[in-house]
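Worksheet: the structure to be examined is printed underneath.
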């Protein structure tokens with residue numbers, strides 16, 4: 001057996017599920033040794049939630065952080081997470097249970113908890129990996145993967161970030177070296193924390209499910225063992241011998257029996273009598289023997305003991321016959337009583353079986369109703385998703401139509417711009433032609449003016465010529 005002092009070399013220990021497993025044995029074997037002496041502790045929270053947590057830890061604890069999980073096991077874990085979401089406390093981000101050290105027991109995207117270290121080459125070079133996460137107040141989150149390089153050199157890699165609440169169960173995680181995630185708390189209690197990473201296309205992150213198991217400090221384990229030792233019966237110096245422990249357990253059982261109210265025999269309870277028939281017959285026989293004769297030999301032999309032997313008379317023989325008859329009647333009554341007890345026991349067993357069957361049927365009916373409610377809820381969610389998809393498709397179609405209309409209007413505007421540009425160009429050309437025509441008209445007017453001036457000059461010259469001709473004609477006549 002390993003004592004609590006030998007465990008102090010390991011600073012942290014995993015809070016195991018309630019089912020016994022080989023991994024739990026180590027330093028907490030003392031708790032198992034005295035578990036029969038201490039009353040069982042009540043489960044924290046609703047029993048259904050704790051059953052789901054036990055199943056989730058049982059499934060996820062042997063997946064190596066999700067690397068060895070088969071598709072069927074992944075489906076089972078997702079279904080358990082969906083069921084646990086209904087038991088999540090309100091405002092989990094304000095709960096003190098949020099803070100602490102956790103081990104990553106499962107993730108649907110194995111490389112989401114360790115990055116390249118969780119890939120096949122990373123696990124070959126850095127085996128023995130153990131991903132953990134620590135949330136420290138007020139808003140510090142640390143991811144760490146411990147490993148052994150080449151199998152013998154211990155090492156670790158850390159990634160720190162800060163969390164910023166978005167609503168009562170969702171926060172944004174921003175890492176110091178870049179990158180961010182949106183995390184939603186699906187379930188939280190004193191043993192596990194289940195979270196879901198919401199996909200973010202802008203940040204390039206995919207959705208994933210994380211199952212974290214709380215790590216318990218060794219001091220808490222030692223305190224729990226000490227409490228169990230104090231609750232054990234103290235008989236001088238406490239010894240660990242098996243016989244003494246059994247004797248202590250027997251003493252405790254005897255004390256419990258004495259504390260219980262006295263119960264009548266099973267048969268007499270059923271028959272409503274204070275005594276069994278056999279007991280009544282024996283008592284009557286003892287009274288008859290004590291009241292019979294007081295012969296002369298009463299002070300000798302057996303008489304010295306306070307009794308007297310009856311004389312061998314007919315009355316004595318008759319008494320023996322009566323006694324034999326009474327004994328036979330008592331025996332028959334005892335047999336009848338035992339038969340009635342057996343019948344009552346069989347009836348009690350039958351009633352217990354019927355109650356168990358009814359309880360089982362009620363449990364099955366409750367599970368069926370729960371499944372129906374879950375299916376109805378899923379159908380409603382699917383219907384809402386379909387409606388949302390239809391509305392999104394309708395909005396997308398309307399947006400596409402509006403975009404097409406805008407494109408057509410833009411094309412028409414371009415055509416109108418082109419036509420206006422062409423008209424402006426034609427107007428410019430017409431203006432040029434008008435200017436050319438005006439210039440030609442002005443030139444023609446100038447030419448007409450010049451022609452008129454030339455005509456006047458020609459008329460003047462013609463007048464001068466006619467005057468000269470008249471002078472010549474006059475001169476000629478004079479000659």
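Residue numbers (full-length UniProt numbering): 1 to 479. All residues carry an ideal CB built from backbone N, CA and C; glycine is no exception. Because the structure is a prediction, the values reported are computed rather than measured.
Element boundaries [beta strand (DSSP E), containing residue i]
i           : result
residue 197 : 192–198
residue 146 : 140–149
residue 117 : Counting along the chain, residue 117 falls outside any beta strand (DSSP E), and DSSP gives it neither H nor E.
residue 131 : 130–136
residue 100 : 100–107
Proximity of residue i and residue j at Cβ, strictly below 8 Å
i           : j           : result
residue 113 : residue 155 : no
residue 139 : residue 166 : no
residue 179 : residue 196 : no
residue 80  : residue 55  : yes
residue 149 : residue 126 : yes
residue 173 : residue 102 : no
residue 124 : residue 100 : no
residue 110 : residue 67  : yes
Per-residue DSSP class, three states only, for residue i
i           : result
residue 411 : helix
residue 488 : In the structure as shown, the chain begins at 1 and stops at 479. Residue 488 is therefore absent and cannot be evaluated.
residue 87  : helix
residue 323 : helix
residue 377 : helix
residue 169 : coil
residue 152 : coil
residue 455 : helix
residue 474 : helix
residue 479 : coil
residue 161 : strand
residue 67  : coil
residue 305 : With a pLDDT of only 40 at residue 305, under 50, the local geometry of the prediction cannot be trusted, and the value read off the model is given with reservation. Note: residue 305 maps to helix in three-state DSSP.
Residue span of the alpha helix (DSSP H) that contains residue i, given as start and end
i           : result
residue 79  : 71–84
residue 56  : 47–60
residue 122 : 120–125
8 Å contact criterion, which residue i and residue j should meet: CB distance rounded
i           : j           : result
residue 48  : residue 63  : In fact, because the Cβ distance is near 23 Å, the residues do not count as touching under 8 Å.
residue 104 : residue 210 : 7 Å
residue 128 : residue 141 : Contact flag wrong, Cβ pair sits at about 24 Å.
residue 88  : residue 185 : 7 Å
residue 60  : residue 77  : 6 Å
residue 189 : residue 53  : 7 Å
residue 192 : residue 57  : 7 Å
Proximity to residue i [Cα-Cα], best of the options
i           : options            : result
residue 170 : 150, 160, 351, 187 : 187
residue 132 : 174, 212, 444, 401 : 212
residue 107 : 90, 215, 69        : 69
residue 488 : 157, 357, 452, 439 : Outside the shown range of the chain, which is 1 to 479, sits residue 488, and nothing can be said about it.
residue 96  : 52, 119, 137       : 137
residue 83  : 378, 405, 389      : 378
residue 168 : 200, 147, 93, 159  : 93
residue 85  : 374, 417, 468      : 374
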